[in-house]
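In my numbering, the protein residues as written are -8 to 175.
All C-beta atoms in this analysis are idealised placements derived from N, C-alpha and C, irrespective of residue type, glycine included.
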């Protein structure tokens, strides 16, 4: 999770991810899936699915997958695992060419106030150049702090679930509280 602010399209608490873990004692490989799942409403009406936009968003899985792995095998305090991500909030990160190029193909970023504040140079009316030091939005940093303090379930059935659902509904998503709560 430590790179989520610098790779928002591919990493972070609202993305997907599959982890291959090996139990050193038993020598068994365990797979934890954090792939997103369409909300129940959309799953019944797949013809509504789109490549982009609010109906293309699934229930985020990476955080739930990491939380499940931590609960089962974790030895370090959860907060210490999230701490490196919070360093991005404090010090910022360098905009990579890959991130810049990805943003160039995602014009909707300009319409999202949190993303625009982080990745867009309003005085030049274009995305920050690769090599620019950028800082994540305060909203993202507050979210990460809450996840560090309260654990990985907070996005699915805790205080963050309400805020997350409000943001999703604001942009037209049909994901529900039940979809978040029931995600496994």
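query, result
"Given 8 Å, three or more beta-carbon pairs between the segment 53 to 72 and the segment 141 to 150", "yes"
"Residue 100: first and last residue of the uninterrupted alpha helix (DSSP H) it sits in", "Careful: residue 100 lies outside any alpha helix (DSSP H) and carries neither H nor E."
"Rounded separation between residue 85 and residue 175 - CA only", "34 Å"
"Classification of residue 162 by the beta-carbon crowding that lies within 10 angstroms, buried from 16 upward", "exposed"
"Identified DSSP bridge partners for residue 85", "124"
"Sub-8 Å separation of residue 94 and residue 110 beta-carbons", "yes"
"Beta-carbon proximity list for residue 61, same chain, < 8 Å, skipping 5 on both sides", "69, 72 and 143"
"Bridge partners - residue 141, DSSP secondary structure assignment", "Answer by DSSP bridge pairing: none, since residue 141 is not bridged."
"Supposed close pair residue 152, residue 171 - CB separation, criterion 8 Å", "5 Å"
"Contact belief for residue 195 with residue 91 at Cβ below 8 Å, rounded distance in angstroms", "Residue 195 cannot be examined here, being either before or after the span of the chain that is shown, -8 to 175."
"Own chain partners of residue 138 with C-beta closer than 8 Å, once the 5 adjacent residues on each side are dropped", "4, 54, 73, 145, 146 and 151"
"Under 8 Å between C-beta atoms of residue 45 and residue 128", "no"
"Sheet register partners of residue 111 (DSSP bridge)", "118"
"Element boundaries [alpha helix (DSSP H), containing residue 153]", "150 to 161"
"Distance, residue 169 Cα to residue 159 Cα", "14 Å"
"Residue 56: first and last residue of the uninterrupted alpha helix (DSSP H) it sits in", "53 to 64"
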